[in-house]
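**Student:** Once you've had a glance at the structure underneath, I'll fire off some questions.
In the working numbering, the protein residues as written are 823 to 1278.
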């Protein structure tokens, strides 16, 4: 018996499940932190610019506080991102060993973006009052660009798993590799834009939620109002944009991944004029207890109320994604998105006609809840994307169970990772809470804003 046979014999369904769980948990944790890395530099830079443009010290204090939080989140994201990079190789050698040369380019570019972001973040944090204001603000621009580029690179690698391009398979071997063709595949556009807009919504709503709580506790000074209004406005503007981007992404799924669309809607039989399902549970090959909107799925997917939508029964059962997981993840994402859109529209109305309502307790509660809703929608969206692709890790080419590491003991790795992330979570929350309770910026001779403008 050769070495590979021994490893194959040692692999168990439990280890396979552990590998999938570990990857899902690591990605779900990191994607939240990564969202702040994308959007927070832009919002912080805007606050600093407004502070120097208007002379309003509130803007500068908020920018300094957010910059400190940005530094903490970058450090934590570097740890979780490093863990993910090791997991790709350790847990999924069948993927990276075979297709590493195809998707290596975006990971390489992401590495360059990470180092650029780290270098200029250090300059930006150290440069407060040590650099001229314009130079200091210019030093933040590479942070913003590197964060966006790094995210686009990673998302493009994931998009390639949904729409593999840029290579040929000859007798099971990868030949004719085109890294740029692989990176810019049909899924790259909708997935990348969807993620970038989601990052601004998560960041904006979560930051605003902190100040919404302060306002609910009676802190309605200009410092807290600006801390709420600016990030909330950014996220509120993104909410209707995300609806349009989501429609674009849904059309992509309808055209390129019809099995995923069928799982998202719990549609088992191919039909014309397919209905849209609200709720429901998949049991024994059918979706039960759902509310149907006639012809709506065909209309939304193809702009034709009589368009044909493929059902799950068109493909073998072993190629069906877990329908209930995908269906409910998609439903949660849509409901959370529509709820945030509703609050965003209410905010637009209040801003134009009833500004005194900005301190209304019911509005502030709803604004606070937009933060958790944005995170929930982000996680549900990634669940839809990743679980909806199953059982394929490379869509239509490589099954997930064929890519997993066949060595035993993966369940031990899962336990270790859960402990590591528990410690990371506790440490991150502790440090951010300390920053929130501390003065806006550390007391130091060069930071005169603290002495001239104490914040309650």
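Ideal placement from N, C-alpha and C gives every residue a C-beta, glycine not left out.
With DSSP as the reference, label residue 826 as helix, strand or coil.
**Tutor:** With a pLDDT of 39 at residue 826, under the threshold of 50, the predicted position of this residue should be treated as unreliable, though the coordinate-derived value follows. Judged by DSSP in its simplified three-state form, residue 826 adopts helix.
**Student:** DSSP three-state call for residue 1163: helix, strand or coil?
**Tutor:** helix
**Student:** Please classify residue 1056: does DSSP put it in a helix, a strand, or coil?
**Tutor:** helix
**Student:** If we ignore side chains and look at the alpha-carbon of each, how far apart do residue 951 and residue 958 end up?
**Tutor:** 8 Å
**Student:** Using three-state DSSP, classify residue 990 as helix, strand or coil.
**Tutor:** strand
**Student:** In or out: residue 1245 buried (at least 16 other Cβ within 10 Å) or exposed?
**Tutor:** exposed
**Student:** What is the DSSP secondary structure of residue 834, reduced to helix, strand or coil?
**Tutor:** In this structure, residue 834 counts as coil in the three-state DSSP scheme.
**Student:** Could you tell me the boundaries of the alpha helix (DSSP H) in which residue 1122 lies?
**Tutor:** 1118-1124
**Student:** So, does the stretch 1099-1119 touch the stretch 1129-1149, judging by three or more C-beta pairs under 8 Å?
**Tutor:** yes
**Student:** Distance check for residue 918 and residue 1216, CA to CA, integer angstroms please.
**Tutor:** 11 Å
**Student:** Pull up the distance between the alpha-carbon of residue 840 and that of residue 1231, whole angstroms please.
**Tutor:** 9 Å
**Student:** From this set, 1070, 1119, 913, 1160, which residue's C-alpha is nearest residue 1089's C-alpha?
**Tutor:** 1119
**Student:** Can at least three beta-carbon pairs, one atom from the stretch 892-910 and one from the stretch 852-861, be found at a separation below 8 Å?
**Tutor:** yes
**Student:** Determine the extent of the alpha helix (DSSP H) in which residue 1191 is found, giving its start and end residues.
**Tutor:** 1183-1209
**Student:** Extract the residue ranges of the alpha helix (DSSP H) inside the stretch 897-980, only unbroken runs of 4 or more that lie entirely within it.
**Tutor:** 915-948, 955-960
**Student:** Along the chain, where does the beta strand (DSSP E) that runs through residue 1104 open and close?
**Tutor:** 1103-1105
**Student:** Exposed or buried, what is residue 1234 when buried is set at 16 or more other beta-carbons lying within 10 Å of its beta-carbon?
**Tutor:** exposed
**Student:** Measure the Cβ-Cβ separation of residue 848 and residue 909 and say whether it is below 7 Å.
**Tutor:** yes
**Student:** With respect to the beta strand (DSSP E) encompassing residue 1215, which residues constitute its N-terminal and C-terminal limits?
**Tutor:** Under the DSSP assignment, residue 1215 falls in the beta strand (DSSP E) whose first and last residues are 1214-1216.
**Student:** With a threshold of 16 other CB atoms inside 10 Å of the CB of residue 1239, please say whether the residue is buried or exposed.
**Tutor:** Here residue 1239 is buried. Its C-beta has 16 or more other C-beta atoms within 10 Å.
**Student:** How about residue 1101 and residue 1112: do their beta carbons lie closer than 7 Å?
**Tutor:** Yes, the Cβ-Cβ distance between residue 1101 and residue 1112 is below 7 Å.
**Student:** Between 1135, 1156, 1097, which has its C-alpha nearest residue 1291's C-alpha?
**Tutor:** Nothing in the structure corresponds to residue 1291, since the chain is present only between 823 and 1278.
**Student:** Whole angstroms are fine: how far does the CA of residue 845 sit from the CA of residue 836?
**Tutor:** 14 Å
**Student:** Given a cut-off of 7 Å on the beta-carbon distance, is the pair residue 1192 and residue 1162 in contact?
**Tutor:** yes
**Student:** Mind reading off the beta-carbon distance from residue 1022 to residue 861? Whole number of angstroms is fine, and I expect it under 8 Å.
**Tutor:** 4 Å
**Student:** Can you pull the DSSP bridge partners for residue 1108?
**Tutor:** 1105
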